[in-house]
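Going by the working numbering, 125 is the number at position 119 of the sequence shown; the sequence numbering is gapless.
Backbone N, C-alpha and C define an ideal beta-carbon position, used for all residues, glycine too.
Written out below as structure tokens is the structure these notes cover.
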Amino acid sequence: MRATKLFWNTLRQAPAGVDLPGQQLLLRAGLLRSPAPTVWTLLPLGQQGWERLLACTAQVAQDAGAQPVAFPWARPPESESGRGARWRCGEPAGWAAWDLASRELRSYRQLPQLWYAVQPHLFAHVNTRAGLLGSALSRRLELFGLYASLEEALAGQEALAEAYGALWSRLGLPLAAVAAGPRDAVAWLWEHPDGETAFFRCARCGYAGLPAATEAPPPPADASPMLPMEEVETPDCTTIAALAEYLGISPAQTMKVVFYTVEQEDQVVCAVIRGDLNIDEQKLARALGNKPFRLSTDSEVRWVGSVPGYGSPIGLKRVQVLADPSVMAARNLVAGANKEPFHIRNVNAGRDFSVHQVVDLRAARAGDPCPGCGEPLEEAHGFALGEVAVQTAEEVGISDAHYLDQAGQSQPLVMLSMVFDLDRIWVTLAEVHRDENGLRWPAPVAPVQVHLVAIKLDVPGVAQMAERVYERLRQAGLCVLFDDRDERPGVAFKDADLLGAPLRLTVSPRALEAGGIEAKWRTAAESEVVAEEALASLIAPLLS
Ligand SMILES: [Zn+2]
């Protein structure tokens, strides 16, 4: 590329409204523009760098045996007749991958299968403080693996997680691998205080986990005798705080009751936890088999025999009770009386109401003991850049995804799904690799690997040498930007630092006089003059 032919404008200052320093540099270096708040256009050099990142991530997938496909990026309405039915855009392509798998994969001989695709994604939330890292739009590498058994899928997950971990190390990307769910599911986060994803970590043993993946400590068992239930009038006590204050007790002596409705089944669920704790709705989602649910309406709460603000699981109809272990271990809690304005003292799970499922629902919090070693956990935040998980067809509600094993028996397929947010990873690279003068790209993903500057092209010998070097670098397969503009050296060097190619080569009358070409690595303090013949060994590190 010649700078005189390239659509490339650098800026002295970043536009207002972008706070993260790496993104300011992406804008100033002419890689990125923002046509409207929270959305972004990648300019030619930006897109070139992004494509090199895509190539690196796709190569890891291909090395693992994955084949490229393209899944639909929108899903048509389920029924054509439905009024107001809309296409759903930018969802993960898992539904299409499952559809393909259940129709086409019939025999163990076809397994495993690994497919990858670059898919646009639409996030539900925008984090305006984080610029491109908080944008609702992103392009993602989605990878789906179909396996004959859980064991094989988990082995595949481990191998892929290791291969991508090696790529992040090679790119100098400090991503935390954080426990994200059952079966060693992992999320990759870039730790940052503005990140929208909270996680917990242990300074002693290195444990890191998303809140929903962080198991609650076993609650202390209370051995007190169960006392008889006793109704008590509690006006205006519709919150735990108001109730505890009114009765002069601690919130830990109360029971928190939340009603949810599982929509596709019209099932009301009564979730109970000790009053000082909170329910983690992702843990609840897992307990409900990942079926969509929402808070119950007041009329649904009344339909099962309760009243809003004074609920308890005692004597309800048509309801499924999910209890956190904290409720099972406690004795003589205060719970709602299912009528206004009354509560009941000395409520005990098992004796006073039956529980359909005891399951960890507790939202983890800083200071909880580490699941690994017991040390108090710290809370941290980060940007989620990727994740991997393994699920069976049954867990995602698909009944017909089966294959025939060697013995001719029908067996369920197991899917690994992995996703990397390429836009966010690309921006994170800019945040991580920079200094006060500009970007400092790692060679494998640098938009430009060699920035060739020619000074005083009209001086005899300069243009000829610059053209020769340009040609040799291109023939070596490097991405070269040849700055052939008629700029002062100071301007050209500033732009080169801003853009951040790993190597800058300068052809100038002074360098020619000194016997060759001036070479400066972006991460080095000093430049050196190398002879033209030494060019091949100079650029060798960029080609490996
Ligand atoms: Zn620990």
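query = Is it a yes or a no for the region 52-60 touching the region 440-452, going by three-plus beta-carbon pairs under 8 Å?
reply = yes
task = Mind checking which residues open and close the beta strand (DSSP E) that includes M7?
result = M7 -> no beta strand (DSSP E), and no H or E assigned at all.
M235 - DSSP class collapsed to helix/strand/coil = coil
request  = Determine the burial state of L17: buried for a count of at least 16 other Cβ atoms within 10 Å of its Cβ, exposed for fewer.
outcome  = Result: exposed.
message = If you measure from each CB to the nearest heavy atom of ligand 1 and keep those under 6 Å, what residues do you get, in chain order?
response = With 6 Å as the limit, the residues whose C-beta approaches a heavy atom of ligand 1 more closely than that are C208, R210, C211, Y213, C376, G378, C379 and E381, in chain order.
inquiry  = I need the boundaries of the alpha helix (DSSP H) containing E473, first residue and last residue.
reply    = Boundaries of the alpha helix (DSSP H) around E473: V468 to Q481.
request  = Starting from the Cα of A329, find the closest Cα among S302, A293, V310 and V313 and give me that residue.
outcome  = A293
ask   = Which ranges would you report for the beta strand (DSSP E) in the region 109-186 if only whole runs of at least 3 residues count?
value = 119-128 and 143-153
Three-pair Cβ contact test at 8 Å for the region 423-438 versus the region 388-404 = yes
ask   = Rounded C-beta distance between G317 and C208? I'm assuming under 8 Å.
value = About 36 Å separates the two Cβ atoms, so there is no contact after all.
key: Neighbourhood of G467 by C-beta, 8 Å cutoff - its chain only, sequence neighbours within 5 removed   = P515 and L518
ask   = Is C276 buried or exposed, if buried means 16 or more other CB atoms sit within 10 Å of its CB?
value = So C276 counts as buried.
task = Decide if the region 362-375 is in contact with the region 214-229; the criterion is three or more beta carbon pairs, one per stretch, under 8 Å apart.
result = yes
query = Cα separation between C485 and L117?
reply = 39 Å
message = Is the separation between the beta-carbon of A99 and that of L149 shorter than 8 Å?
response = Cβ distance not < 8 Å, so A99 and L149 don't count as in contact.
inquiry  = Quick test of the definition: if touching needs 3 or more C-beta pairs under 8 Å, does the region 426-444 touch the region 486-506?
reply    = With a cut-off of 8 Å, the region 486-506 and the region 426-444 count as touching, because enough Cβ pairs lie within range.
task = Could you round the C-beta distance between V475 and L435 to whole angstroms and report it? I think they count as a contact, below 8 Å.
result = So it is not a contact: roughly 27 Å between Cβ atoms.
request  = Return the Cβ separation of E381 and C211 in integer angstroms, given the expectation that the two are a contact with Cβ distance under 8 Å.
outcome  = The Cβ separation is near 7 Å, so the contact holds.
inquiry  = Quick check on G388: does DSSP put it in helix, strand or coil?
reply    = strand
task = Report the residue from V325, L177 and L216 whose alpha carbon sits nearest the alpha carbon of Y266.
result = V325
task = Report the residue ranges of all beta strand (DSSP E) runs contained in full by the region 34-115; include only those spanning at least 3 residues, in chain order.
result = 38-42 and 45-48
inquiry  = Strictly by DSSP, which residues pair up with D441?
reply    = G444
key: L544 to A64 span [Cα, whole Å]   = 28 Å
ask   = Which two residues bound the contiguous alpha helix (DSSP H) that contains R516?
value = P515 to E519
query = Which residue comes first and which comes last in the alpha helix (DSSP H) that contains I246?
reply = I246 to L253
request  = Take the Cβ of C95 as the centre, count every other Cβ of all protein chains shown within 10 Å, and call the residue buried at 16 or more, exposed below.
outcome  = exposed
message = Rounded to the nearest angstrom, what separates W14 and L49 at their Cα positions?
response = 8 Å
inquiry  = Spatial neighbours of N284 within its chain, please: C-beta separation below 7 Å, excluding the five flanking residues on both sides.
reply    = A369
message = On the criterion of 16 or more Cβ atoms from any shown chain inside 10 Å, does V497 qualify as buried, or is it exposed?
response = exposed
query = So, using beta-carbon positions, are L195 and F206 closer together than 8 Å?
reply = No, the pair does not count as a contact, with Cβ atoms beyond the cut-off.
query = Helix, strand or coil for A369 per DSSP?
reply = coil
task = Going by DSSP, name the residue or residues bridged to Q363.
result = Residue pairing by DSSP puts Q363 in a beta bridge opposite L328.
request  = Check E202 in the structure and name its three-state DSSP category.
outcome  = coil
task = Thinking A70 and L152 are a contact (beta carbons under 8 Å), I'd like their distance in whole angstroms, please.
result = Going by Cβ atoms, the distance from A70 to L152 rounds to 14 Å, so no, they are not a contact pair.
inquiry  = So, does the region 156-165 touch the region 185-194, judging by three or more C-beta pairs under 8 Å?
reply    = In this structure the region 156-165 lies against the region 185-194, because at least three pairs of beta carbons, one per stretch, are closer than 8 Å.
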